[in-house]
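Per the numbering used here, residue 696 is the first one in the sequence shown, and the count goes up by one each step.
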Amino acid sequence: MQPLPLPNGWSELSSWTAIETTSRSPLWALIDGVVFRNAAQVLPVSGLQNCCLSASTDPDKRAMAPWLVRLDPGSQLSRDLATQPADSPWGLLLNSDAEMLALRQHLRRFTMIRTPADPDAPVYFRFYDPRVLLDLFAILPAEKLAQLSRPVSRWILPDGPSLDLSHRIDAAPASALLHPAAGKPLRYLTHRPPAEHAMPDMQGPAGGSTFAIDHAEAALFGQRQADRSLIYLARELAARYRDVEDGRLLATVRQAPSRAARFGLASTKQISTLAACMIEFGDDFPRHYPEAEKILTSRGQEDWQRRQALAAWMSRGRVLRQARGF
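Structure follows, in structure tokens:
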């Protein structure tokens, strides 16, 4: 499970001050209302240019939507964003000379995306999550990145020690991968699109159609998301099972998705529960534990019910393990 490299053209900045001093055009923040929970209350009274990407007038929907705001150096919002927790995927920054409403119109186009799963039914897409945007730059061809970056002269993403935007820029040993340094300072990843990608006409995808990804792009994107999920699972288990050697823990995490798939389990929680069982009861689990195997192979329950039943069984499994001397 090696760290993924940064996509071509991305580099690092070490501080918010460096962002401001290297900005050649206005600095904007695209803030995720789900993570930055008071955005809908703070931004309208901030004195800064701002707008909600959602067209809804429902206060609850606007509170959960992304917000676009032009940042002034030294503003309270700039200070607030600069001091966000290092592991908070609150959104992203960008430089652009575009007017606010034109920039809003452009960014809104990418909040819906067509996928091969159902090309006729666009789905909501959180491209403004910094992890998602970096993955897009890793898997999309140049022409689609040009569509995304038309009015943007620079993208800037927060990257704390556990966000794993790049799964670490350099190959890391298991200990560094599983135990990110507490208190490690926030860094920023930055990318300036090639000059030929600049398209001041601000038009969207060809013909005004919804942005779409094809089968190959969807597969690559899904793999990066799956790899990231495994990193998070490994860290969760490392915190839970501190006495387990890192190499064994990583080996279990690698095996858990395919083992879970044998029993029709696929969600993060389901894989996590099965991985925990493999750590506690053996790599060949559910061998030697017929009750657990019966739960896993039951056809009378939904997948989530089987996961819950397996989690509840674990306390009994520990008693059985101790009695058998395993």
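Beta carbons are placed, not taken as given, at the ideal position from N, Cα and C, and that holds for glycine.
Taking 8 angstroms as the cut-off, decide whether the C-beta atoms of residue i and residue j are in contact.
i, j, result
"Val-847", "Pro-888", "yes"
"Leu-852", "Leu-787", "yes"
"Thr-806", "Ala-913", "no"
"Arg-849", "Thr-885", "yes"
"Arg-804", "Leu-748", "no"
"Leu-766", "Trp-723", "yes"
"Ile-974", "Thr-905", "no"
"Pro-702", "Leu-802", "no"
"His-874", "Ala-933", "yes"
"Leu-743", "Ser-718", "no"
Measuring CA to CA, which of the options is closest to residue i?
i, options, result
"Asn-745", "Thr-810, Thr-885 and Glu-794", "Glu-794"
"Leu-1015", "Leu-763, Tyr-984, Ala-1007 and Gln-996", "Tyr-984"
"Trp-1008", "Leu-798, Asp-854 and Thr-968", "Thr-968"
"Leu-945", "Ala-961, Leu-960, Asp-922 and Ser-962", "Asp-922"
"Gly-917", "Glu-940, Ile-974 and Leu-831", "Leu-831"
"Ala-911", "Leu-835, Arg-935 and Ala-951", "Leu-835"
"Pro-817", "Ala-777, Arg-994, Ser-741 and Asp-909", "Asp-909"
"Gln-779", "Ser-720, Ala-833, Leu-915 and Arg-732", "Arg-732"
"Ala-837", "Asp-824, Ala-961 and Gly-704", "Gly-704"
"Ala-797", "Leu-776, Ala-777 and Leu-763", "Leu-763"
"Ala-734", "Ser-706, Leu-776 and Lys-839", "Leu-776"
"Arg-1019", "Phe-976, Gly-995 and Leu-840", "Phe-976"
"Ala-841", "Pro-825, Arg-826 and Ala-890", "Ala-890"
"Pro-825", "Arg-994, Ala-951, Val-730 and Ala-812", "Val-730"
"Asp-979", "Thr-963, Gln-996 and Ala-951", "Ala-951"
"Tyr-927", "Gly-942, Thr-963, Val-737 and Gln-1017", "Thr-963"
Whose C-beta lies closer than 6 angstroms to the C-beta of residue i among residues of the same chain, with five residues either side of it excluded?
i, result
"Gln-898", "The predicted model places Gln-898 with a pLDDT of 49, which falls under 50 and marks its position as unreliable; any figure quoted below should be read in that light. So no residue of the chain qualifies."
"Glu-715", "Pro-768"
"Thr-947", "Ala-970, Met-973 and Ile-974"
"Ala-961", "none"
"Leu-915", "Ile-834"
"Lys-839", "none"
Going by the DSSP bridge assignment, what does residue i pair with across the sheet?
i, result
"Ala-907", "Arg-809"
"Val-1014", "None, per the DSSP bridge assignment."
"Trp-705", "His-886"
"Trp-850", "Leu-789 and His-886"
"Ile-726", "Trp-762 and Gly-786"
"Val-818", "Ile-808"
"Cys-747", "Trp-762"
Kindly give me the distance between the Cβ atoms of residue i and residue j, rounded to whole angstroms, as I take these residues to be in contact under 8 angstroms.
i, j, result
"Leu-772", "Leu-725", "About 13 angstroms; that fails the 8 angstroms criterion."
"Asp-782", "Gly-855", "5 angstroms"
"Ala-987", "Gly-1012", "6 angstroms"
"Pro-739", "Ser-791", "Their Cβ separation, rounded to whole angstroms, is 21 angstroms, which puts Pro-739 and Ser-791 out of contact at 8 angstroms."
"Asp-727", "Tyr-823", "6 angstroms"
Excluding sequence positions up to five away, which residues of its chain have a Cβ less than 7 angstroms from the Cβ of residue i?
i, result
"Leu-991", "Phe-958, Pro-981, Arg-1001 and Leu-1005"
"Gln-965", "Ala-955, Asp-998 and Arg-1002"
"Ser-709", "Arg-882"
"Ser-706", "Thr-885"
"Gly-931", "The residue asked about is misnamed: residue 931 is Glu in this sequence, not Gly. Answer for Glu-931: Ser-967, listed in chain order."
"Arg-821", "Val-827"
"Ser-993", "Arg-1001"
"Gln-1017", "none"
Grab me the residues of residue i's own chain with a C-beta within less than 8 angstroms of its C-beta, minus the 5 sequence neighbours each way, in chain order.
i, result
"Ser-751", "Arg-757 and Ala-760"
"Ala-907", "Ile-808, Arg-809, Thr-810, Pro-814 and Pro-900"
"Ser-1010", "none"
"Arg-935", "Ala-971"
"Ala-713", "Tyr-883"
Can you find a heavy atom of the ligand ZN that lies under 7 angstroms from the Cβ of residue i?
i, result
"Gln-920", "Inclusion of the ligand ZN in the displayed structure is not the case, the ligand content being empty and no account of it being possible."
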